[in-house]
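Participant: Got a structure for you, questions after.
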Amino acid sequence: MPTLNYLQHYPAALLGQVQALLDSGQLGAWLARRYPDPHEVQTDKALYQYVSELKQRYLKNAALPAKVMYDNQQHPVKGTLGTNTFVSRVQGGKLKTKNEIRVAALFRDAPLPFLRMIVVHELAHLKEKDHNKAFYQLCCHMEPDYHQLEFDMRVWLTWRESQAA
């Protein structure tokens, strides 16, 4: 029986439902019905464009990240689905800072709502560094179904892991 590594802090009733679907082999079909369409954001350039459009729509005053890319080093078991880093470099007598967003490469195969949820999460870090109330309010402003998408994405990760085993 696969463990629900990505869902450990959710209520037992939800975990029971997910485990029942997983045990009966119906979890993949449930996810396919709920999120049937793949997305076309497959390259780093397309991802940069996608992030830029969302940033421009919701965070006009925030600086555009210098680099946006899919990253093969990101791994969900280690807790990283995306990162938002600030890189500081000394150039001459000035300190230059650049922002980089990296999204786990597995989101190339994910449904578009899951990619959007990760991108919204990383964009929210442009304004709020910590995972506090203001951070999650900003996430919900950019994606009203943020919390449901986060749960469903964790279910999807659980299903993917069960298929690999």
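Quick note, the sequence shown lines up with residues 1 to 165 if you use the UniProt record's numbering. Note that CB positions come from ideal geometry on N, CA and C, so glycine has one too.
For a minimum of 4 consecutive residues, which ranges assigned as the alpha helix (DSSP H) are wholly contained in the region 33-82?
Facilitator: The region 33-82 contains these whole alpha helix (DSSP H) runs: 44-58.
Participant: Pull up the DSSP beta-bridge partners for L95, would you.
Facilitator: Residue 95 sits at position 95 when you count from the first residue of the sequence shown. Answer is V90.
Participant: In this structure, how does DSSP classify A104 when only helix, strand and coil are distinguished?
Facilitator: The sequence position of residue 104 within the sequence shown is 104, counting from 1. Residue state, collapsed to three classes: strand.
Participant: Taking buried to mean at least 16 other C-beta atoms within 10 Å of its own C-beta, is R102 buried or exposed?
Facilitator: Here the question's residue 102 lines up with position 102 in the sequence shown. The residue in question, R102, is buried, as its Cβ has 16 or more Cβ neighbours within 10 Å.
Participant: In the DSSP assignment, find the unbroken alpha helix (DSSP H) run with L123 in it and report its ends.
Facilitator: Along the sequence shown, read from residue 1 onward, the residue named residue 123 stands at position 123. Note, L123: alpha helix (DSSP H), 112-124.
Participant: For residue 166, which three-state DSSP category applies?
Facilitator: Since the first residue shown for the chain is 1 and the last is 165, residue 166 is missing from the structure and cannot be characterised.
Participant: Just checking, does the region 62-73 make contact with the region 40-50 on the three C-beta pairs under 8 angstroms criterion?
Facilitator: Yes, since at least three Cβ pairs between the region 62-73 and the region 40-50 fall closer than 8 angstroms, the two stretches touch.
Participant: Based on Cα-Cα distance, which residue from E150, R33, E128, Y35 lies nearest to residue 207?
Facilitator: Residue numbering for the chain in the displayed model covers 1 to 165; residue 207 lies beyond these limits and cannot be assessed.
Participant: For the alpha helix (DSSP H) holding K127, just list the boundary residues, first then last.
Facilitator: Locating residue 127 in the sequence shown gives position 127, counting from the first residue. No alpha helix (DSSP H) contains K127, which DSSP labels as neither H nor E.
Participant: Excluding the 5 residues preceding and the 5 following M1 in the sequence, name in chain order all residues of the same chain whose CB lies nearer than 6 angstroms to its CB.
Facilitator: Indexing the sequence shown from 1 puts residue 1 at position 1. With a pLDDT of only 45 at M1, under the threshold of 50, the placement of this residue in the model should not be trusted, and no figure is reported.
Participant: Whose CA, out of P65, Q163, N132, W159, lies closest to the CA of V119?
Facilitator: Start at 1 with the first residue of the sequence shown, and residue 119 comes out as number 119. Nearest option by C-alpha distance: P65.
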